[in-house]
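In my numbering, the protein residues as written are 92 to 229. Ideal placement from N, C-alpha and C gives every residue a C-beta, glycine not left out. Data block below; observations after.
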């Protein structure tokens with residue numbers, strides 16, 4: 092190609108370069124928009140997680156948690172409660188001579204209460220008797 096040919100197609104070359112530039116800017120705009128939308132969704136997810144965590148903290152710090160853990164003491168007969176200590180936000184309990192129904196009742200109550208179980212030890216001592224030791228905090 093010589094200079095004369097380039098001069099003749101000068102306007103067409105400028106038009107092709109402008110179209111390529113417009114195409115690249117359009118592609119950049121689409122990718123930037125999707126990146127922004129992705130970040131928005133990520134931020135919304137983090138905000139919802141933070142609000143859920145703060146709701147859990149309010150639930151765990153309330154006096155209602157102490158009452159819910161005290162209910163674990165009264166589920167079974169007092170003679171079957173070997174140890175029940177509740178200090179600040181920690182519960183240590185030990186039950187002995189539980190039958191299957193009582194054991195199921197205690198474990199269901201434990202699982203439906205928002206506690207962090209640190210230790211849960213269930214031992215079978217006989218045909219239909221169990222011991223249960225647990226340590227949990229909130």
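For residue 172, the residue or residues it bridges with in DSSP
Taking the chain shown and counting its residues from 1, the one referred to as residue 172 is at position 81. Residue 172 is bridged to 186.
Bridge partners for residue 207 per DSSP, in chain order?
The residue you call residue 207 lines up with position 116 of the chain shown. For residue 207, which the question treats as bridged, DSSP gives the partners 228.
Measuring CB to CB, does residue 228 end up less than 9 Å from residue 181?
Counted from its first residue, the chain shown places residue 228 at position 137. Counted from its first residue, the chain shown places residue 181 at position 90. Yes; because the gap between Cβ atoms is below 9 Å, this pair is in contact.
Considering only C-alpha positions, which residue in the set 223, 175, 208, 176 is nearest to residue 196?
To locate residue 196, count along the chain shown from 1; it is residue 105. The shortest Cα separation from residue 196 among 223, 175, 208, 176 belongs to 223.
Do you know how far the Cα of residue 94 is from the Cα of residue 136?
Within the chain shown, numbered from 1, the residue matching residue 136 stands at position 45. Within the chain shown, numbered from 1, the residue matching residue 94 stands at position 3. If you take the alpha carbons of residue 136 and residue 94, they lie about 59 Å apart.
Residue 186 and residue 171 closer than 9 Å at C-beta:
Within the chain shown, residue 186 is the residue found at index 95, counting from 1. Within the chain shown, residue 171 is the residue found at index 80, counting from 1. Going by C-beta atoms, residue 186 is nearer than 9 Å to residue 171.
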